[in-house]
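Letter by letter, the sequence shown follows residues -27 to -1, 1 to 323 in mature numbering (1 follows the signal peptide of the UniProt record, and there is no 0).
Glycine residues also receive a C-beta, built at the ideal position from the N, C-alpha and C atoms.
A quick write-up on the structure given underneath.
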Amino acid sequence: MISSPPPPPRKCARLSLLLVALAGTLSLPVNSGLSLPHSPAPPPPLPATHGAWSRLPLPPTLGRCGHEGSGREATDEPIARPLSGEASEESFLRDGFPILQEARPGLACALLARAAVLRMSGDKNPASKPTPVQDVQGDGRWMSLHQRFVADSKDKEAEVVFIGDSLVQLMHQCEIWRELFSPLHALNFGIGGDSTQHVLWRLENGELEHIRPKIVVVWVGTNNHSHTAEQVTGGIKAIVQLVNKLQPQARVVVLGLLPRGQHPNPLREKNRQVNELVRAALAGHPRAHFLDADPGFVHSDGTISHHDMYDYLHLSRLGYTPVCRALHSLLLRLLAQDQGQGIPLPETTP
């Protein structure tokens, strides 16, 4: 009896990938231990710190706003993103890069197949899906800040509300905040590390419920590391639409994303693309305004100075000054127009 030779390993690999893809499409359980022919032994489990979010401590003496030399942490921006059970492309990323090299071969196939199914199925943009931050550190600070903001909205009357990430949060510690924005009865609802989907969740859960501001300033998007420029733009547009729905009397000012990193890099380019898309999306909007907040932080050689951004992301006192003065000038003009004065105010010199 003549027996047929076994199929080559490459054909087996293709067959395994096809079976895994079908399992993901049909929402069937996938055996994470499935391995391709001749696969190496599974690597040891990752240490616990790989699944946690880390934070960057501030340099002690670079002129940031707040307490000099205290070493306080500027942001809860995640350095590592754990593999979650949610059906989104974020589930397959760590530091914005695929984690497939850290998975068993069979699990790698499952993740690749599931990611392909998600892209083909047109799942909702994750940057515009209201999502709370996971309390992976266990101290509940993010939710505590949110609840404090809701309480502030009940107790205080505000003409201007700022909402966003650490660039908004740290602005509150600068003297220029007290000089320019406190007289406008401004509230600061910034939380370090927030992305567009987190701001959407906070807005949907009461942060604008008890106040009627004249202007809402939105500054968020640079932390959406794993999202495309189009997805980040969709998240910002969703925030504008939600503010229009919750506060129809209010104008919305969207601050453009700043360049980041000492040298040219993909995130800097993506932020530039987001700004172009948001500017175009808001053009002609009667109650929304886009402000390019960058006064020229990138030098002619493509670098950013630590005097402007102490960690090449967050602004120093020197960096906040031109941004805040340009924003303050726009806010005054908008407030004057809404009060019926009609005459644009002169630009404030940065």
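Please go through the same chain and pick out, in chain order, the residues whose beta-carbon is closer than 6 Å to the beta-carbon of residue i, but skip the five residues on each side of it.
{"i": "Trp150", "result": "Met144"}
{"i": "Val205", "result": "Ala100, Gly194, Asn197 and Val247"}
{"i": "Glu50", "result": "Because Glu50 carries a pLDDT of 45, less than 50, the predicted location of this residue cannot be relied on, and no value is offered for it."}
{"i": "Ser168", "result": "Asn196 and Asn197"}
{"i": "Arg241", "result": "Pro232, Arg233 and Gly234"}
{"i": "Asn98", "result": "Gln204 and Gly207"}
{"i": "Gly313", "result": "none"}
To the nearest whole angstrom, what separates the beta carbons of residue i and residue j, a pair I think is in contact under 8 Å?
{"i": "Val193", "j": "Ala159", "result": "17 Å between Cβ atoms; not a contact."}
{"i": "Phe154", "j": "Ile136", "result": "Their Cβ separation, rounded to whole angstroms, is 13 Å, which puts Phe154 and Ile136 out of contact at 8 Å."}
{"i": "Val227", "j": "Ala261", "result": "7 Å"}
{"i": "Gly208", "j": "Pro237", "result": "With a Cβ gap of about 24 Å, Gly208 and Pro237 do not count as contacting."}
{"i": "Gln235", "j": "Tyr283", "result": "Not quite, the Cβ-Cβ distance comes to about 11 Å (not below 8 Å), so this is no contact."}
{"i": "Leu157", "j": "Leu304", "result": "6 Å"}
{"i": "Phe270", "j": "Pro232", "result": "6 Å"}
{"i": "Lys187", "j": "Asp311", "result": "6 Å"}
Do residue j and residue i have their beta-carbon atoms positioned less than 8 Å apart in this structure?
{"i": "Gly165", "j": "Asp128", "result": "no"}
{"i": "Leu300", "j": "Leu264", "result": "yes"}
{"i": "Ser273", "j": "Asp281", "result": "no"}
{"i": "Glu177", "j": "Ser126", "result": "no"}
{"i": "Gln170", "j": "Lys102", "result": "yes"}
{"i": "residue 338", "j": "Arg185", "result": "There is no way to answer for residue 338, as the model of the chain reaches only from -27 to 323."}
{"i": "Leu250", "j": "Glu182", "result": "no"}
Taking 7 Å as the limit between beta carbons, can you name the residues of its chain near residue i, skipping five residues before and five after?
{"i": "Asp189", "result": "Correcting the residue identity first, residue 189 is Val in this sequence and not Asp. These residues qualify, in order along the chain: Val134, Ile136, Val216, Gln220, Ala223 and Val225."}
{"i": "Val172", "result": "Ile136, Gly137, Val193 and Ile212"}
{"i": "Asp267", "result": "Gly229, Leu231 and Pro232"}
{"i": "Lys210", "result": "Ala254"}
Any heavy atom of the ligand MN closer than 7 Å to the beta-carbon of residue i?
{"i": "Leu250", "result": "Among the components modelled here there is no ligand, and therefore nothing to report on the ligand MN."}
Grab me the residues of residue i's own chain with a C-beta within less than 8 Å of its C-beta, minus the 5 sequence neighbours each way, in chain order.
{"i": "Thr104", "result": "Gln170, His171, Leu173 and Trp174"}
{"i": "residue 339", "result": "Shown here, the chain extends from -27 to 323; a query on residue 339 therefore has no answer."}
{"i": "Glu130", "result": "His158 and Ile184"}
- Item | Complete alpha helix (DSSP H) runs within the region 91 to 179 (minimum length 4 residues, chain order) | Counting only runs of 4 or more, we get 114 to 128, 139 to 144 and 169 to 177.
- Item | Cβ contact (3+ pairs, closer than 8 Å) linking the region 250 to 258 and the region 107 to 117 | no
- Item | Runs of alpha helix (DSSP H) wholly within the region 218 to 277 (minimum 4 residues, chain order) | 239 to 255
- Item | Complete runs of the beta strand (DSSP E) confined to the region 176 to 211 [at least 3 residues] | Here the runs fully enclosed are 188 to 192.
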